[in-house]
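Enquirer:
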Amino acid sequence: MQEESRLDARALGDARRARLIEWTSISLGAFAIAAMIALHVAGLTEPRRLAGTLALLIGSAAAWLACRAGRVALGGQVLVWCSLAAITVVAYATGGFRSPATNGYLTVVAVAGWLLGMRFMIATTALSLAIMGALFVLGQFGLLPPPAPSHPLVLFSTAAIALALGGLLFYYVVREMQFSLEKEQALHEGLRRANDELEQKVAERTHELSDAKEAAERANRAKGAFLASMS
Numbered sequence: 002m003q004e005e006s007r008l009d010a011r012a013l014g015d016a017r018r019a020r021l022i023e024w025t026s027i028s029l030g031a032f033a034i035a036a037m038i039a040l041h042v043a044g045l046t047e048p049r050r051l052a053g054t055l056a057l058l059i060g061s062a063a064a065w066l067a068c069r070a071g072r073v074a075l076g077g078q079v080l081v082w083c084s085l086a087a088i089t090v091v092a093y094a095t096g097g098f099r100s101p102a103t104n105g106y107l108t109v110v111a112v113a114g115w116l117l118g119m120r121f122m123i124a125t126t127a128l129s130l131a132i133m134g135a136l137f138v139l140g141q142f143g144l145l146p147p148p149a150p151s152h153p154l155v156l157f158s159t160a161a162i163a164l165a166l167g168g169l170l171f172y173y174v175v176r177e178m179q180f181s182l183e184k185e186q187a188l189h190e191g192l193r194r195a196n197d198e199l200e201q202k203v204a205e206r207t208h209e210l211s212d213a214k215e216a217a218e219r220a221n222r223a224k225g226a227f228l229a230s231m232s
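Numbering of the sequence shown is given in this note's numbering, commencing with residue 2 and proceeding in unit increments.
The structure is reproduced here in structure tokens:
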């Protein structure tokens with residue numbers, strides 16, 4: 002029974018993670034498409050500018066397909082690493098560590114922690130810091146390319162998508178905490194009911210034993226009285 006409960010809880014947790022990955026993939030994919038359209042309309046079609054956006058679109062689609070196929074862990078890893086790569090490419094092309102795209106590293110770290118666990122959160126944090134450090138050094142030595150021109154809609158969308166994904170992640174984390182609290186409360190309630198039932202059964206059994214003992218004593222007294230009268 003306990004093993005079945007653990008399996009059910011794990012399946013439910015995977016389902017919630019799959020929903021988060023799917024919604025995040027859809028949001029990032031829509032953002033990537035909108036950004037590519039805005040840049041194309043504005044005539045900003047430099048390959049280095051579009052490479053990161055295209056990587057984000059491909060990664061989002063791959064993560065969504067992995068989740069739909071039931072491979073939630075793979076979908077989470079594809080989403081995290083492709084997002085990290087896309088942010089890095091865009092940051093390299095749009096000003097290095099000063100690029101607005103670098104704000105996405107924080108969201109990626111948070112998503113990695115919730116989807117993949119503490120080890121991946123530490124790994125993405127260390128990798129993000131290393132990338133930021135490398136971009137800073139390249140910028141200091143003038144090794145970065147001139148910042149590619151952007152479009153106000155893309156800059157606004159970048160900030161908006163980071164905020165939206167942060168809110169979505171926070172929503173799922175709060176839901177997870179609420180679910181865990183409700184599960185713990187249900188467990189305590191079940192233990193309390195089981196304890197009450199056990200105490201009631203013990204009391205009933207004690208009463209039955211007491212009645213049986215009294216009946217045996219009465220029988221012994223009656224037997225003794227009968228034997229005394231016969232003698």
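Where is the CB? At the ideal position from N, CA and C, for every residue including glycine.
Predicted model only: the values in this text are computed from it and were never measured.
Do THR235 and ILE132 have their C-beta atoms closer together than 8 Å?
Expert: The displayed coordinates of the chain run from 2 to 232. Any statement about residue 235 would go beyond what the structure contains.
Enquirer: Using the C-alpha atoms, what's the distance from ALA87 back to ARG176?
Expert: One-based indexing of the sequence shown puts residue 176 at position 175. One-based indexing of the sequence shown puts residue 87 at position 86. Computed Cα separation, rounded: 29 Å.
Enquirer: For GLY118, does the three-state DSSP call read helix, strand or coil?
Expert: By one-based count along the sequence shown, residue 118 stands at place 117. GLY118 falls in the coil class under three-state DSSP.
Enquirer: Short of 6 Å in beta carbon distance, which residues of its chain neighbour PHE98, apart from the five on each side in sequence? Order them along the chain.
Expert: Numbered from 1 along the sequence shown, position 97 holds the residue referred to as residue 98. These residues qualify, in order along the chain: MET133, LEU136, PHE137.
Enquirer: When the Cα of SER129 is compared with those of GLY140, LEU117, LEU164, ALA92, which residue comes out closest?
Expert: In the sequence shown, counting from the first residue as 1, residue 129 sits at position 128. Checked all of GLY140, LEU117, LEU164, ALA92; the closest Cα to SER129 is ALA92.
Enquirer: Only counting runs of 4 or more residues, tell me where the alpha helix (DSSP H) segments fall wholly within the region 23-72, in order along the chain.
Expert: Entirely contained in the region 23-72, the alpha helix (DSSP H) runs reaching 4 residues are, in chain order, 48-69.
Enquirer: Would you kindly work out how many angstroms separate the C-alpha atoms of MET119 and THR126, rounded to a whole number?
Expert: Here residue 119 corresponds to residue number 118 of the sequence shown, with the count starting at 1. Here residue 126 corresponds to residue number 125 of the sequence shown, with the count starting at 1. Near 10 Å, if we compare the C-alpha coordinates of THR126 and MET119.
Enquirer: So what's PRO153 in DSSP terms, helix, strand or just coil?
Expert: Reading the sequence shown from its first residue, position 152 is the one you call residue 153. PRO153 falls in the helix class under three-state DSSP.
Enquirer: Compute the Euclidean distance between the alpha carbons of GLU1 and LEU80, then round it to the nearest angstrom.
Expert: Outside the modelled stretch of the chain, which goes from 2 to 232, sits residue 1, for which no answer is possible.
Enquirer: Give the straight-line distance between the Cα atoms of ALA165 and ALA62, rounded to the nearest whole angstrom.
Expert: If you number the sequence shown from 1, residue 165 lands on position 164. If you number the sequence shown from 1, residue 62 lands on position 61. Each residue's alpha carbon lies about 19 Å from the other.
Enquirer: When DSSP labels each residue in this structure, what does PRO148 get in the three-state scheme?
Expert: Looking up residue 148 in the sequence shown gives position 147. Residue state, collapsed to three classes: coil.
Enquirer: Do you know whose CA, among LEU40, VAL203, CYS83, THR46, lies nearest SER26's CA?
Expert: In the sequence shown, the residue the question calls residue 26 occupies position 25. Cα-wise, what sits closest to SER26 is CYS83.
Enquirer: Three-state secondary structure (DSSP) at GLY77?
Expert: Taking the first residue of the sequence shown as position 1, residue 77 is located at position 76. In the structure shown, GLY77 sits in a helix (DSSP, three-state: H, G or I).
Enquirer: For THR95, which of helix, strand or coil comes out of DSSP?
Expert: In the sequence shown, the residue the question calls residue 95 occupies position 94. THR95 falls in the coil class under three-state DSSP.
Enquirer: Pick helix, strand or coil for GLY143, following the three-state DSSP scheme.
Expert: Counting from 1 along the sequence shown, the entry for residue 143 is found at position 142. Reduced to three states, the DSSP call for GLY143 is coil.
Enquirer: To the nearest angstrom, report how far apart THR46 and LEU169 are at their CA atoms.
Expert: Taking the first residue of the sequence shown as position 1, residue 46 is located at position 45. Taking the first residue of the sequence shown as position 1, residue 169 is located at position 168. Going by the C-alpha atoms only, they are around 31 Å apart.
Enquirer: Straight-line CA distance for SER158 to ASP15?
Expert: Along the sequence shown, one-based indexing puts residue 158 at 157. Along the sequence shown, one-based indexing puts residue 15 at 14. The straight-line gap from Cα to Cα measures roughly 29 Å.
Enquirer: Rounded to a whole number of angstroms, what is the C-alpha to C-alpha distance between ALA31 and LEU117?
Expert: Here residue 31 refers to the residue found at position 30 of the sequence shown. Here residue 117 refers to the residue found at position 116 of the sequence shown. When rounded, the distance between both Cα atoms is 24 Å.
Enquirer: Who are the Cβ neighbours of LEU8 in its own chain at under 6 Å, not counting the five residues just before and after it?
Expert: Here residue 8 refers to the residue found at position 7 when the sequence shown is read from its first residue. For LEU8, the predicted model reports a pLDDT of 43, less than 50, meaning its position is unreliable and no value from the coordinates is stated.
Enquirer: If you run the structure through DSSP and keep just helix, strand and coil, what is SER84?
Expert: Along the sequence shown, one-based indexing puts residue 84 at 83. Residue state, collapsed to three classes: helix.
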